[in-house]
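*Asks:* Here's a structure for you.
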Amino acid sequence: MMAFLYGAFLQWKLDILSKTLLITCYIVPLLFFAIMGGIFTSVMPEARHTLIQSMTVFGVTMGALIGLPPSLVEIYSSDIKKVYKANGVPLYLGLVLTNISAYIHLFIMSIILYIVAPLAFSAEIPENPAFYFAGLAIFIAVSLSISSIIGLAIKDRAKTSMVSIIVFLPSIMLSGIMFPVELLPKAFETAGRFFPALWGYRLMADSTFQFKNLLPLIAIFILAICACGILLHKVDK
58 MMAFLYGAFL QWKLDILSKT LLITCYIVPL LFFAIMGGIF TSVMPEARHT
108 LIQSMTVFGV TMGALIGLPP SLVEIYSSDI KKVYKANGVP LYLGLVLTNI
158 SAYIHLFIMS IILYIVAPLA FSAEIPENPA FYFAGLAIFI AVSLSISSII
208 GLAIKDRAKT SMVSIIVFLP SIMLSGIMFP VELLPKAFET AGRFFPALWG
258 YRLMADSTFQ FKNLLPLIAI FILAICACGI LLHKVDK
């Protein structure tokens, strides 16, 4: 219990000092929403029907893929890892705490979008809010699991940022939030199926539960958890 409290305190201090979390989980997603929300609804009035879902997919993907990995690199590729060991804190706790912290911030950002979008751009509220927030909760968890792999696998902060951007761009472009995926070449449409953003968008946009959209997210999450377990084992050596 003491080890958990110490780890929680240490992570809290890191989050307070981190500007990356503020920028990637709040400033950039909300600024993108303020600009693109107006453009989408002006050029394509029908975009109001899925504006909340599309802006949320961008914000969550941005915050997860670009915001979380640097925090993990800071823990597992620096003296912080030694501090964890010296105080008897399990190394996996750093991963758990950073994910919990990022999850809370991304959920708060998503709630802000959910409330503001109808007021600012007359966006349509999801027909079934319960299904929407359930899909959102799952999508955030899966997105963070992917970003955890990046943070654990790459030790250099600069390379981590580069890989995060490389994963982030196709995640957004092939997700269907900018334009229908049916308009993409078949190869790109197929590639988009390997990213959580596509399935998260479909899951949140559906008014009824669709297991076919949930199953890929579950599969990605399980594979990501297994990969994180292997990477944590290597970090502990």
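FYI, the numbering for the sequence shown is 58 to 294, going by the working numbering.
Note that beta-carbon positions come from the ideal geometry of N, C-alpha and C, so glycine has one too.
Do Leu288 and Ile195 have their CB atoms nearer than 8 Å?
*Replies:* Leu288 is not a Cβ neighbour of Ile195, given a cutoff of 8 Å.
*Asks:* Rounded to the nearest angstrom, what separates Cys315 and Thr77 at their Cα positions?
*Replies:* No answer is possible for residue 315: it lies beyond the span of the chain, which begins at 58 and ends at 294.
*Asks:* I need the boundaries of the alpha helix (DSSP H) containing Lys243, first residue and last residue.
*Replies:* Run containing Lys243: 243-249, per the alpha helix (DSSP H) assignment.
*Asks:* Report the option in Ser158, Arg250, Thr113 whose CA atom is closest to the CA atom of Leu231.
*Replies:* Arg250
*Asks:* Are three or more beta carbon pairs between the stretch 236-251 and the stretch 130-141 nearer than 8 Å?
*Replies:* no
*Asks:* Whose C-beta lies closer than 7 Å to the C-beta of His106 among residues of the same chain, with five residues either side of it excluded?
*Replies:* Hits under 7 Å: Glu181.
*Asks:* Comparing C-alpha positions only, which one of Leu125, Tyr171, Ile206, Pro175 sits nearest to Leu290?
*Replies:* Checking the sequence shown, residue 290 turns out to be His, not Leu. Cα-wise, what sits closest to His290 is Ile206.
*Asks:* Who are the Cβ neighbours of Val292 in its own chain at under 8 Å, not counting the five residues just before and after it?
*Replies:* Tyr133, Lys138, Leu148, Leu209
*Asks:* Taking the alpha helix (DSSP H) that Ala121 falls in, what are its first and last residues?
*Replies:* Looking at the DSSP string, Ala121 is not in any alpha helix (DSSP H), and its letter there is neither H nor E.
*Asks:* How is Ser228 classed by DSSP in three states: helix, strand or coil?
*Replies:* In this structure, Ser228 counts as helix in the three-state DSSP scheme.
*Asks:* Using CA coordinates, which residue listed in Asn185, Tyr258, Glu239, Phe188 is at the minimum distance from Ser200?
*Replies:* Tyr258
*Asks:* Does the stretch 110-128 come close enough to the stretch 237-247 that 3 or more CB-CB pairs lie under 8 Å?
*Replies:* no
*Asks:* So Ser204 and Pro126 are in contact, right, with Cβ under 8 Å, and what is the actual spacing, rounded?
*Replies:* 5 Å
*Asks:* Assuming Ile348 contacts Tyr160 under a Cβ cut-off of 8 Å, what Cβ separation, rounded to an integer in Å, is found between them?
*Replies:* Only positions 58 to 294 of the chain appear in this structure, which leaves residue 348 out of reach.
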